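Enquirer: So the sequence shown is numbered by the UniProt record's numbering: it starts at 1 and just counts up by one. By construction, the Cβ of each residue, glycine as well, lies at the ideal position given by its N, Cα and C atoms. Quantities reported herein were computed from a predicted structural model and do not represent experimental measurements. What follows is a structure written as structure tokens; I'll ask about it next.
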Amino acid sequence: MESTRLKTAKKFIGHFATLDVKILETILSDDYYHEFAPSSLNPPGPFGKQGFLDHHSGLDYVMTGFPVFAKEYIESESSNSVTVWATSRTIFREGAKDASIANWDYEGEYIFLFTFDPSGEKIVRTIEFLDSKATGDGLMVLMKRARENRAKS
Numbered sequence: 001m002e003s004t005r006l007k008t009a010k011k012f013i014g015h016f017a018t019l020d021v022k023i024l025e026t027i028l029s030d031d032y033y034h035e036f037a038p039s040s041l042n043p044p045g046p047f048g049k050q051g052f053l054d055h056h057s058g059l060d061y062v063m064t065g066f067p068v069f070a071k072e073y074i075e076s077e078s079s080n081s082v083t084v085w086a087t088s089r090t091i092f093r094e095g096a097k098d099a100s101i102a103n104w105d106y107e108g109e110y111i112f113l114f115t116f117d118p119s120g121e122k123i124v125r126t127i128e129f130l131d132s133k134a135t136g137d138g139l140m141v142l143m144k145r146a147r148e149n150r151a152k153s
């Protein structure tokens, strides 16, 4: 039987398919902390709960989904944490794409480090390691162009 902690981690990973922030609102603690790494990418954040929800709402502006697929879940009862090794792909909105970029497909790899409250129902901290090369060379370029295209329409 899956622990509450593992079920909560799976909800977080699953929310990316639709970018539904309502799911996040139910599983993030009030004092939630989210940080992207490595810092060499100059990523946004770190975020508290509301900042992270706002960040995700911004993704919905250019994407209909950003499905994340867990390759492996590693749970630690002693540290009340779950580590997830995952991949993803983007689903950009048609109005965000243009012909100047031939391939709007992005696939990345991630490591999520989740720490939970004592109940395991709320995530209190996430460190999200991004695929440095793919994020810098691919995702950031696509996101910038998609936002520009949406702003024109």
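How many angstroms separate the CA atom of T4 from the CA atom of G58?
Expert: Here residue 4 refers to the residue found at position 4 of the sequence shown. Here residue 58 refers to the residue found at position 58 of the sequence shown. So the two alpha carbons sit approximately 29 Å from each other.
Enquirer: With 16 other CB atoms within 10 Å as the buried threshold, where does D131 fall?
Expert: Position 131 of the sequence shown, counted from the first residue, corresponds to residue 131. With 16 or more other Cβ atoms within 10 Å, it is buried.
Enquirer: Going along the chain, which residues of its own chain have a beta-carbon closer than 7 Å to the beta-carbon of L19, five neighbours each way excluded?
Expert: Sequence index remark: in the sequence shown, residue 19 carries index 19 (1-based). Correct list, in chain order: H56, L59, D60, M63, G65 and F66.
Enquirer: Please name the residue or residues paired with V62 in a DSSP beta bridge.
Expert: Mapped onto the sequence shown, residue 62 falls at position 62. The bridge partners DSSP lists for V62 come to none.
Enquirer: Check whether the Cβ atoms of F36 and E128 sit closer than 7 Å, and answer yes or no.
Expert: For the purposes of this step, residue 36 is taken as residue 36 along the sequence shown, with counting starting at 1. For the purposes of this step, residue 128 is taken as residue 128 along the sequence shown, with counting starting at 1. Yes.
Enquirer: Which whole runs of the alpha helix (DSSP H) in the region 51–107 are 4 residues long or more, in chain order?
Expert: none
Enquirer: Relative to the alpha-carbon of L113, which residue among G95, S76, D31 and D105 has its alpha-carbon at the smallest distance?
Expert: Your numbering for residue 113 matches position 113 in the sequence shown. Of G95, S76, D31 and D105, the residue nearest in Cα terms is S76.
Enquirer: As a quick exercise: from T126, H15, S100 and D137, pick the residue whose alpha carbon is nearest that of E148.
Expert: As a position in the sequence shown, residue 148 is number 148, starting the count at 1. Ranking T126, H15, S100 and D137 by Cα distance to E148 puts S100 first.
Enquirer: Under 7 Å, do R150 and A102 count as touching if we go by C-beta distance?
Expert: For the purposes of this step, residue 150 is identified with residue 150 of the sequence shown, where counting begins at 1. For the purposes of this step, residue 102 is identified with residue 102 of the sequence shown, where counting begins at 1. No. Outside cutoff.
Enquirer: Which residues does DSSP pair with T115 in a beta bridge?
Expert: For the purposes of this step, residue 115 is taken as residue 115 along the sequence shown, with counting starting at 1. Answer by DSSP bridge pairing, in chain order: S81 and R125.
Enquirer: First and last residue of the beta strand (DSSP E) that includes residue 226?
Expert: Nothing about residue 226 can be read from this structure; the chain reaches only from 1 to 153.
Enquirer: How many Å lie between P43 and M143 at the Cα?
Expert: Taking the sequence shown and counting its residues from 1, the one referred to as residue 43 is at position 43. Taking the sequence shown and counting its residues from 1, the one referred to as residue 143 is at position 143. Roughly 13 Å between the two C-alpha positions.
Enquirer: Using the three-state DSSP reduction, which class does F12 fall into: helix, strand or coil?
Expert: For the purposes of this step, residue 12 is taken as residue 12 along the sequence shown, with counting starting at 1. In this structure, F12 counts as helix in the three-state DSSP scheme.
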